[in-house]
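Residue numbers (the numbering used here): 764 to 798. Where a beta carbon is used, it is the ideal one built from N, C-alpha and C, also for glycine.
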């Protein structure tokens, strides 16, 4: 419960557009900085 975990049920690169899931990578990087 204390670990920062999130999941994605689709492949981030499956849809056109390189920035459609950029928020996921931003979130991941922020979590890496914190922990």
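The C-alpha of residue 798 is placed about 11 Å away from the C-alpha of residue 765.
Residue state for residue 783 is assigned as coil, using DSSP reduced to three classes. In the three-state scheme derived from DSSP, where H, G and I count as helix and E and B as strand, residue 788 is classed as helix.
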